[in-house]
Amino acid sequence: MITDKGKIENIRVLGPLRNKTQIELTKSEARTLGLNLEVRNSGDLANTSGVTIKGPKGSIELKEGVIIADRHIHMTPEDAENYDVKNGQKVSVVVNGKKGGVLSNVTIRVNPRYKLDFHIDTDDANAFLIQNGDLLELVK
């Protein structure tokens, strides 16, 4: 990814396939590229920043689609019922440990195809020393 102010090499490409290209960056990565990004839900890409994506076979100019992804928890309807939360509800997540704290403004996303999973970026994970498999506490 390239902007007038910087570049990031060796990026990961993840699914699922979307109608529009979406790039999710951390605040640290946005600074590297000189971008002032908003926190957005996946798919909410109108009036966002763009970048140039360069690969081994050429490059494309992405006019918009670069965001900092909203923190969220994927849940099945059964999970949502068990936790007594609703799709779109904002909750907090408590992290214990040496750098514990509270992650606020976490959006609940409910879908029968989802599996219970907490989605945060590497800036958040590193700040709280969170690792895959850690048990965290949901607070309404």
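So the sequence shown is numbered by the working numbering: it starts at 117 and just counts up by one.
Just so you know, even glycine gets a beta-carbon here, dropped at the ideal spot from N, CA and C.
- Task: Starting from the C-beta of I176, find all residues in its chain whose C-beta is less than 6 Å away, skip the five residues before and the five after it, and write them out in chain order.
- Result: I169
- Who are the near neighbours of V182 in its chain, counting only those whose CB is closer than 7 Å to its CB and skipping five residues on each side? I139, L141, L151, L153, T164, S165, G166 and V167
- Query: Which full runs of the beta strand (DSSP E) of 3+ residues lie inside the segment 140-214, going along the chain?
  - Reply: 165-171, 174-185, 188-191 and 206-211
- Excluding the five sequence neighbours on either side, which residues of its own chain have a C-beta within less than 8 Å of the C-beta of V218, listed in chain order? S208, V209, V210, V211 and V255
- Message: Within 10 Å of its beta-carbon, does E125 have 16 or more other beta-carbons around it, so buried, or fewer, so exposed?
- Response: exposed
- Counting along the chain, where does the alpha helix (DSSP H) carrying T238 start and finish? T238 to F244
- Simplified DSSP state of G217, which is helix, strand or coil: strand
- Taking 8 Å as the cut-off, decide whether the C-beta atoms of I224 and I189 are in contact. yes
- In chain order, what residues of the same chain lie with their CB nearer than 6 Å to the CB of S144, ignoring the 5 residues before and after it? D239
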